[in-house]
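Numbering (the working numbering), first residue to last: 277 to 601.
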């Protein structure tokens with residue numbers, strides 16, 4: 277038969293083990309002191325080194341540093357822009373540096389082709405061969421020939437470098453379900469990205485009352501596209517020659533974005549023009565550790581005004597590392 281003292285001792289040690297798991301430090305200390313008082317034996321030993329006061333959590337380890345925050349140190353902002361829709365973003369921080377009617381619904385013209393490229397990119401592989409069933413001759417083209425067989429990658433260059441409407445139509449016609457389904461997927465993509473002021477009716481950017489976007493939505497769409505290295509490389513290409521798979525037809529493509537090679541750091545992205553949309557351009561600028569994205573819609577002079585916005589950013593902003601909370 278067990279002695280009462282031994283039973284009490286065993287019970288108290290069991291309680292101590294439970295407290296050890298639960299990290300009740302004060303109660304552990306008190307209970308150990310009580311045990312030592314009742315049972316002054318060298319066989320009772322508990323290491324307090326096994327109970328750290330504070331444990332690091334996953335949330336406090338391995339987080340990337342916060343990006344530098346842009347600060348306008350002059351208080352000066354752009355004046356007199358003709359563009360109806362404008363937004364200037366600091367890409368790493370996501371901070372809007374300037375905007376003018378960022379949510380107004382405006383015609384996007386060929387900046388539409390950013391969405392066209394994304395929908396096609398979800399479906400086709402770069403080395404997929406597509407056939408030209410019909411030829412679109414209105415507006416900008418890359419000179420595709422009916423019956424020509426050409427890779428998806430070459431069509432992407434035509435679409436995004438020379439803003440080729442014939443490339444957009446070929447992509448849509450080769451899409452499962454044809455052009456109607458393709459446009460439906462464009463609108464699904466817009467909803468997925470929460471582009472609340474965007475709707476498409478065609479893959480080229482032709483004017484239509486129900487074909488519209490906003491500066492804010494277009495900036496978000498461009499940022500999504502620029503996450504892909506292949507698409508980022510294509511939109512930054514100044515000139516390239518592509519051919520059909522039999523090397524019968526050659527297409528010389530030249531980027532219509534006059535800012536490429538003219539303003540330091542410009543890395544694409546897409547231009548657009550129709551009579552209704554007027555001049556449009558989405559532009560990415562990389563300088564040092566900084567990335568700026570500008571969108572200009574319905575402008576009388578898109579390249580001049582974009583150049584002014586870029587100069588304004590780097591003449592009026594400093595970037596500082598945010599203090600730790």
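Virtual Cβ for every residue (Gly too), placed ideally from N, Cα, C.
Predicted model, so just to flag it, every value in this text is computed and none were measured.
The segment 420-440 makes contact with the segment 397-407: 3 or more CB pairs, one atom from each, lie closer than 8 Å. Counting every other CB atom within 10 Å of its CB across the protein chains shown gives residue 361 a total of 16 or more, marking it as buried.
The beta carbon of residue 597 lies closer than 6 Å to those of 344 in the same chain, with the five residues before and after it left out. Annotated three-state conformation of residue 366 is strand, per DSSP. Boundaries of the beta strand (DSSP E) around residue 376: 371-376. For residue 461, there is no enclosing beta strand (DSSP E); the residue is part of the alpha helix (DSSP H) that begins and ends at 454-468. A distance below 6 Å between beta-carbons, with the five flanking residues on each side excluded, links residue 572 to the following residues of its chain, in chain order: 359, 362, 557, 578, 581 and 582. Under the Cβ criterion (8 Å, minimum of three pairs), the segment 502-522 counts as touching the segment 429-437. Scanning 467, 456, 488 and 409 for the CA closest to the CA of residue 476 turns up 488.
Taking C-alpha positions only, residue 524 is separated from residue 517 by approximately 13 Å. Around the beta carbon of residue 356, fewer than 16 other beta carbons sit within 10 angstroms, so the residue counts as exposed.
Counting along the chain, residue 496 sits inside the alpha helix (DSSP H) bounded by residues 491-501. In terms of CA proximity to residue 532, 544 leads the group 544, 526, 479 and 410. Contact check for residue 567 and residue 368: beta-carbon distance about 6 Å, within the 8 Å limit, so the pair qualifies.
With distances taken between CA atoms, residue 398 lies nearest to 507 out of 507, 592, 536 and 584. Note that the C-beta distance between residue 502 and residue 585 is not below 8 Å.
Straight-line spacing of the CA atoms in residue 591 and residue 370 works out to 19 Å. Restricting attention to alpha helix (DSSP H) runs no shorter than 4 residues, the segment 414-459 encloses them at 428-437 and 441-450, ordered along the chain. Closest in alpha carbon position to residue 529, among 498, 443, 465 and 538, is 443.
The beta carbon of residue 463 is closer than 7 Å to those of 475 and 476 in its chain, skipping five residues each way along the sequence. In the DSSP assignment, residue 528 forms a beta bridge with 517.
Rounded to whole angstroms, residue 393 and residue 432 show a C-alpha spacing of 7 Å. Under DSSP, residue 580 forms no beta bridge with any residue.
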